[in-house]
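Trainee: Once you've had a glance at the structure underneath, I'll fire off some questions.
Number of protein chains: 2
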Amino acid sequence: LDYQHVQVPFEITLWIMLASLAKIGFHLYNKLPSVVPESCLLIFVGLIMGGIIYGLNDRSPPVMDSDIFFLYLLPPIVLDAGYFMPSRPFFENIGTILLYAVVGTIWNVFGIGFSLYGICQVKAFRLQDVSLLHNLLFGSLIAAVDPVAVLAVFEEIHVNEKLHILVFGESLLNDAVTVVLYKLFRSFCEMPTIKSVDVFAGVGKFFVVGLGGVLVGLSFGFTAAFTTRFTKDIRVIEPLFVFLYSYLSYLTAEMFHLSGIVAIISCAMGMKRYVEANISLKSHTTVKYFMKMWSSVSDTLIFIFLGVSTIGENHEWNWPYICFTVIFCLIWRALGVLVLTFFVNRFHVNTITSKDQFIIAYGGLRGAICFSLVFLLPDFRRKKLFIAATTVVILFTVFIQGMTIRPLVDLLAVKRKRESAPTVGEQIHIRFLDHLLAGIEDISGHWGQYYWKDKLEYFNSKYLQKILLREYDQPKSSIVLLYEKLERKHAIELAQAGQLGHGPAHPSFLCSAFLCSSSDRTVITDQKLEDTPNPDVLDNMQEILARNLYRIRRTGPAYNRHTLPGDSEPTEQAKEILILRHKSL
Amino acid sequence: LDYQHVQVPFEITLWIMLASLAKIGFHLYNKLPSVVPESCLLIFVGLIMGGIIYGLNDRSPPVMDSDIFFLYLLPPIVLDAGYFMPSRPFFENIGTILLYAVVGTIWNVFGIGFSLYGICQVKAFRLQDVSLLHNLLFGSLIAAVDPVAVLAVFEEIHVNEKLHILVFGESLLNDAVTVVLYKLFRSFCEMPTIKSVDVFAGVGKFFVVGLGGVLVGLSFGFTAAFTTRFTKDIRVIEPLFVFLYSYLSYLTAEMFHLSGIVAIISCAMGMKRYVEANISLKSHTTVKYFMKMWSSVSDTLIFIFLGVSTIGENHEWNWPYICFTVIFCLIWRALGVLVLTFFVNRFHVNTITSKDQFIIAYGGLRGAICFSLVFLLPDFRRKKLFIAATTVVILFTVFIQGMTIRPLVDLLAVKRKRESAPTVGEQIHIRFLDHLLAGIEDISGHWGQYYWKDKLEYFNSKYLQKILLREYDQPKSSIVLLYEKLERKHAIELAQAGQLGHGPAHPSFLCSAFLCSSSDRTVITDQKLEDTPNPDVLDNMQEILARNLYRIRRTGPAYNRHTLPGDSEPTEQAKEILILRHKSL
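As structure tokens, then:
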């Protein structure tokens, strides 16, 4: 037995396997996930596993490594979130989202930090050694809403799109603020004196970190789109580029201390439309499927590890500090949302209702990012207290808030997400209104969102598409693309229902399948019986035979390692059928 | 700049990116890959990169780590090979393949080992310090044909299926022999005296290693199939199980010193038919695509690393030893193939022609497995000589043999692979003959391959399918499955060619698309004009409207994180359409 040799991959595979099996287990028993969010169940599994490890080994189970979390577990989830981000509601609410993410997070950091410092001044609590800077540092890591936890809960409760994007967008974009403030306070903690220059540098750094992340992401995204222009002969590795470039954007951003989350999201959103147009349908299915799979596994692993890491002896318990942390987290978030929304509502026609505000405040879940950041703190006396407080806040938000948010949404009758996708008619109207509003804004000289959107679209079709798309000659309008997609779907449905008529096989079945009325059918059959040697009918039969012979002649391409069976061939064949048809007509 | 932090994932991603871009590069310039095999080009790229690294750093570039090769790069390729293995030719020729793999490899090991020992006895060559055991050890690592190199070359030359499976099957199954002999001789080298017991133990070990691998693989394969029975509600993680279980089978086999390659191949072949039936169509596309992608990247990386590792100062040059190694490798393989084929041909009606024998002997390419094994040798004086000899043999076989085998195949007019897949008619006939022969064998009491195949099929349908398949009630015959697949393909083609008629839209287009003869069409139109208020026609229109309204009513399911849009819905919808149709009829 040579376990040492295979230990690393073996254990990784086993953890992933455990996560996947846990997921299957929950879904087997249908009622459970509808009451308790999956994230809670997974943390619970983690707690049990941690308990078992603790019981068997008699020492604390291994803690989730912050490096593993930030380098391997977080990127797939954020990539998935960015790639499937509904871009329209996101950009429509980008101002509000940024306000919540930037001002709201800063508000929370300082609010929590200063009020906890106030608590530390009470002598009875024996916390006088926790300085203001340490409290602010703790505030900077505990204030940020966690995208992983938010996703896990909000995707199960189906609130309306705007509410979802406000909470989720905030949780993603506050990464830039968190990174800056966390690093700023951490370096302040190690400095002997703090000059005012450093504070201003910190403010400037925020723009560098955020905008730098966007720039890094977009440049990798466009490079990815450009690369997929040249993959026509080697379809099999197309999906790889989507993953490689997004991951590189994340790593590069992290390397330069920029916001990796912002980078990978810009990368995914920037490349999506071009990559989708360049790669084959099967590659695209693979990309989507693998992204979902990967993020789902990462997310499962994160919650299990979170549970496992909770067990152990790295906590220092101090009732007042921990309780007040939870209370301040709730209060400052609620206040922040109220104040910010007041300003937002003054400038918007489409206001955020008070129910929505409550859900935004209540949906501020904390998760694995706080947890990883608290372990990354430099060692000092009260680190274990911070770890304990963070763990309690995470468990409180995920369990108490996560489990009660669904009943609350039901109780308040918060506007839900519409169940069906918009119809083609609606989409056409939306687009029509967009053009109309862009025109009105242009005439009135108001540079609003429609004006900029129109300009961006112009720039895109004039320059970007020419560089990034393979087949630029006549870009298909999205209506045509949608039509093609629906046709394809419809065709598959027909084939699965056995309704796709192969002309020659059963003329009567064919007619019934393709909706010739029954009376017409009788006429056809009658006429066929009457004049069988009709030259038209004979021609037609010849055509049928020719086409079917064609189909038999080319049932499959030769096997080749770098292509999948039936990779590029269908379109070609369909084209040739079209040519044959034109000839015969 | 914090490069240290992201170094490991960053460099891995960059290497994979380089490999992928190199692949795109070759395919952009179309003429190159048709003359030079891709493997040669990649080694060449590696040589250049190694030269650059050597020139810049002034020390040997890093050598491909044997652990990385065996744990991470080899499994994807073997998994791909096993999963897409054409099972019929493989099992039809399993006897011949095993003979080549086991007896042939042993023959080569001892042939090369003893004759090189003979060369070492010549005083002029100054090689007297290389013992017989060291020569046999070297023989055991240099004798084995490499599956990666064979795949890379043979997939481009398209020889007939039997020839391909003989060479490729041998290269896969000889792993068990290589593992046993290599470890045996290595432990002998470290023992002071060798008892005859040890030799017999080695022979016994061969069966343990080979059959153990098969057992480990099959048990993981069946577990994988069993697991996918329960993934109906969580389709997104289905592909994961295919990869996880196969990888676990490989690691487990390696852990117990069994043949990992044999294990992963049995796992893939064992699970394939059940997994395919259990998982959704999209999951299956993803599995296939990702397997191809992964193996393609692994294979590229292996050849590039092979090139990079060649450059450097870890070689000891000895002309006679190296030249004689190449010559003996060629001679002993040719002799082995001739002798073994002589016996094979005596027992088979379908003989292996002399042209095929030549290609089998000439196709014995060596590759990265030898290379990794030689670096795993314990340190002794002549290790660098062995490394040099191995490198030369690999470069010789990949470059000289790999580049000349295509012209030789053309010159000898070796029977090629048929370009098209077998037609349905052929498949039915083949199956019919199988049953017939099984019956004849049963009556005559001869336990041949058809008898066993029939028994296995019986066992499979009676027990295995009931345990491993989700929907067992009425297993679809493969003819029905093929029909469904063709229907689906046809439907997509029709949709892409715009020939799929939506009944109500254009009655005339509909008819022309679905081959109603032109004369019939006129009659329909005439009749419609004549009696518009015909109740039948009205009924029919109602039906059309009802069905189309149905389609509009349900354009898309609500977004959910764990499902992909349109995941399970089409079949359901198609079913409902069917019910509606039955009602209306």
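The listed protein sequences correspond, in order, to chains A and B. Reading the first sequence from the start, the letters are residues 1 to 585 in UniProt numbering. Reading the second sequence from the start, the letters are residues 1 to 585 in UniProt numbering. Using N, Cα and C, we set each Cβ at its ideal position, and we do this for glycine too. Owing to the predicted nature of the structure, the values given are computational and were not obtained by experimental measurement.
1) So, does the CB of T223(B) fall closer than 7 Å to a CB anywhere in chain A?
2) Do three or more CB pairs link the region 196 to 211 of chain A to the region 121 to 138 of chain A at distances below 8 Å?
3) Since F290(B) meets chain A, which of its residues come closer than 7 Å, beta carbon to beta carbon?
4) Beta carbon of G104(A), beta carbon of G336(A): below 7 Å?
5) Candidates L21(B), M271(B), Y247(B), N108(B): which alpha carbon is nearest Q7(A)'s?
6) Would D175(B) count as contacting chain A if we go by Cβ distances under 7 Å?
7) Please confirm whether T13(B) has its beta-carbon closer than 7 Å to some beta-carbon of chain A.
8) Would you call the region 175 to 185 of chain A and the region 207 to 222 of chain A touching, i.e. three or more CB-CB distances under 8 Å?
9) Do you know offhand how far L515(B)'s Cα is from P239(A)'s?
10) Leaving out five residues before and five after D80(B) in sequence, what residues of the same chain have Cβ atoms less than 6 Å from its Cβ?
11) What is the C-beta distance between C370(A) and I142(A), in whole angstroms, given that I count them as a contact (C-beta under 8 Å)?
12) Using a cut-off of 8 Å between C-beta atoms, extract the partners of R406(B) located in chain A.
13) Taking Cβ-Cβ distances shorter than 8 Å, what residues in chain B pair up with residue 661(A)?
14) Residues in the same chain with beta-carbon distance under 7 Å from N160(A), minus the five sequence neighbours each way, listed in chain order, please.
15) Tell me R416(B)'s beta-bridge partners as DSSP assigns them.
16) If you measure between the beta carbons of I311(A) and Y54(A), is that distance less than 7 Å?
17) In this structure, how does DSSP classify N318(B) when only helix, strand and coil are distinguished?
18) Under 9 Å Cβ-Cβ, which residues of chain B neighbour I16(A)?
19) Under 7 Å Cβ to Cβ from F154(A), same chain only, skipping five residues before and after it: list those, please.
20) Who are the near neighbours of S140(B) in its chain, counting only those whose CB is closer than 6 Å to its CB and skipping five residues on each side?
21) Check whether the Cβ of K282(B) lies closer than 7 Å to any Cβ atom in chain A.
22) F243(A) to E316(B), Cα distance in whole Å?
23) Helix, strand or coil: which one does DSSP assign to V349(A)?
24) Report back the beta-carbon spacing between M191(B) and I237(A) to the nearest angstrom; my notes put them in contact at under 8 Å.
25) Using 7 Å as the threshold, is the C-beta distance between S266(B) and G217(B) below it?
26) Counting C-beta neighbours from all protein chains within 10 Å, is the total for Q357(A) 16 or more, i.e. buried, or is it exposed?
27) What does the alpha-carbon distance come out to for the pair P89(A) and K162(A)?
28) Hey, could you find the ends of the alpha helix (DSSP H) R229(B) is sitting in?
29) Any chance the region 56 to 70 of chain B sits against the region 253 to 272 of chain A, with 3 or more Cβ pairs inside 8 Å?
30) Please return the same chain residues whose Cβ sits closer than 7 Å to the Cβ of S171(A), not counting the five positions on each side in sequence.
31) Please name the residues in the region 480 to 491 of chain A whose beta-carbon is closer than 8 Å to at least one beta-carbon of chain B, in chain order.
32) Please name the residue in R406(B), M17(B), L71(B), V35(B) whose C-alpha comes closest to that of H5(A).
33) Count the CB pairs spanning the region 270 to 278 of chain A and the region 220 to 234 of chain A that are closer than 8 Å, and state whether there are at least three.
34) What residues from chain B crowd round residue 643(A), counting only those whose CB sits closer than 9 Å?
35) Using the beta-carbon of each residue, which ones in chain B are nearer than 7 Å to F230(A)?
36) To the nearest angstrom, how far is it from the Cα of L376(A) to the Cα of M64(A)?
Mentor: So, from the data block:
1) Residue numbering aside, residue 223(B) sits at position 223 when the second sequence is read from its first letter. The beta carbon of T223(B) sits no closer than 7 Å to any beta carbon of chain A.
2) no
3) Taking the second sequence and counting its residues from 1, one reaches residue 290(B) at position 290. The contacting residues are T286, F290.
4) Against the first sequence, residue 104(A) aligns to sequence position 104. Against the first sequence, residue 336(A) aligns to sequence position 336. Cβ atoms of G104(A) and G336(A): closer than 7 Å.
5) Here residue 7(A) refers to the residue found at position 7 of the first sequence. Minimum Cα distance to Q7(A) is reached at Y247(B).
6) Position 175 of the second sequence, counting from 1, holds the residue named residue 175(B). Not closer than 7 Å to any Cβ of chain A, the Cβ of D175(B) fails to qualify, so no.
7) The count along the second sequence starts at 1 and reaches residue 13(B) at position 13. True, the Cβ-Cβ gap to chain A drops below 7 Å.
8) yes
9) As a position in the second sequence, residue 515(B) is number 515, starting the count at 1. As a position in the first sequence, residue 239(A) is number 239, starting the count at 1. Low per-residue confidence applies at L515(B): pLDDT is 39, beneath 50, and the placement is therefore not dependable enough to give any value.
10) Here the question's residue 80(B) lines up with position 80 in the second sequence. M291, S295.
11) Counting from one through the first sequence, the residue named residue 370(A) turns up at place 370. Counting from one through the first sequence, the residue named residue 142(A) turns up at place 142. The pair is a contact, with the Cβ atoms about 6 Å apart (cut-off 8 Å).
12) For this step, residue 406(B) is matched to residue 406 along the second sequence. What R406(B) touches in chain A: nothing, since even the nearest Cβ is about 15 Å away.
13) This structure gives no information on residue 661(A), because the portion of chain A shown stretches from 1 to 585.
14) Here residue 160(A) corresponds to residue number 160 of the first sequence, with the count starting at 1. Excluding residues within five positions, the ones whose Cβ falls inside 7 Å are K415, R416, K417.
15) In the second sequence, residue 416(B) corresponds to position 416, counting from 1. Answer is V159(B), bridged to R416(B).
16) Your numbering for residue 311(A) matches position 311 in the first sequence. Your numbering for residue 54(A) matches position 54 in the first sequence. Yes, they are a contact pair.
17) By one-based count along the second sequence, residue 318(B) stands at place 318. Looking at N318(B) - three-state DSSP - the assignment turns out to be coil, as it is neither helix nor strand.
18) One-based indexing of the first sequence puts residue 16(A) at position 16. Neighbours of I16(A) on chain B, chain order: L240, L244.
19) By 1-based counting over the first sequence, the position of residue 154(A) is 154. If we look at F154(A) and ignore the five residues flanking it on each side, its Cβ neighbours are H164, V167, F168, G363.
20) Translated into the one-based positions of the second sequence, residue 140(B) becomes position 140. Counting only Cβ-Cβ distances below 6 Å, and skipping sequence neighbours, we find V109, L181, Y182, F185.
21) Numbered from 1 along the second sequence, position 282 holds the residue referred to as residue 282(B). Yes, because at least one Cβ of chain A sits closer than 7 Å to the Cβ of K282(B).
22) The sequence position of residue 243(A) within the first sequence is 243, counting from 1. The sequence position of residue 316(B) within the second sequence is 316, counting from 1. Roughly 42 Å between the two C-alpha positions.
23) Position 349 of the first sequence, counted from the first residue, corresponds to residue 349(A). The answer is coil: DSSP assigns V349(A) none of H, G, I, E or B.
24) Start at 1 with the first residue of the second sequence, and residue 191(B) comes out as number 191. Start at 1 with the first residue of the first sequence, and residue 237(A) comes out as number 237. In fact, because the Cβ distance is near 47 Å, the residues do not count as touching under 8 Å.
25) Locating residue 266(B) in the second sequence gives position 266, where the first residue counts as 1. Locating residue 217(B) in the second sequence gives position 217, where the first residue counts as 1. It is a contact, given that the beta carbons lie within the stated cut-off.
26) Residue numbering aside, residue 357(A) sits at position 357 when the first sequence is read from its first letter. Buried is the call here.
27) Taking the first sequence and counting its residues from 1, one reaches residue 89(A) at position 89. Taking the first sequence and counting its residues from 1, one reaches residue 162(A) at position 162. So the two alpha carbons sit approximately 6 Å from each other.
28) As a first step, residue 229(B) is located in the second sequence; it is residue number 229 there, counting from the start. Careful: R229(B) lies outside any alpha helix (DSSP H) and carries neither H nor E.
29) These segments do not touch.
30) The sequence position of residue 171(A) within the first sequence is 171, counting from 1. If we look at S171(A) and ignore the five residues flanking it on each side, its Cβ neighbours are V145, D146, P147, V150.
31) E484, E487, R488, K489, H490, A491
32) The residue given as residue 5(A) occupies position 5 in the first sequence. Closest by C-alpha distance to H5(A), out of R406(B), M17(B), L71(B), V35(B), is L71(B).
33) In short, these stretches touch, since the Cβ pair count reaches three.
34) Past the boundaries of the shown model lies residue 643(A); chain A is included only from 1 to 585, so the question cannot be answered.
35) Along the first sequence, one-based indexing puts residue 230(A) at 230. Near F230(A) (Cβ distances below 7 Å), the residues of chain B are I24, L28.
36) Position 376 of the first sequence holds residue 376(A). Position 64 of the first sequence holds residue 64(A). When rounded, the distance between both Cα atoms is 11 Å.
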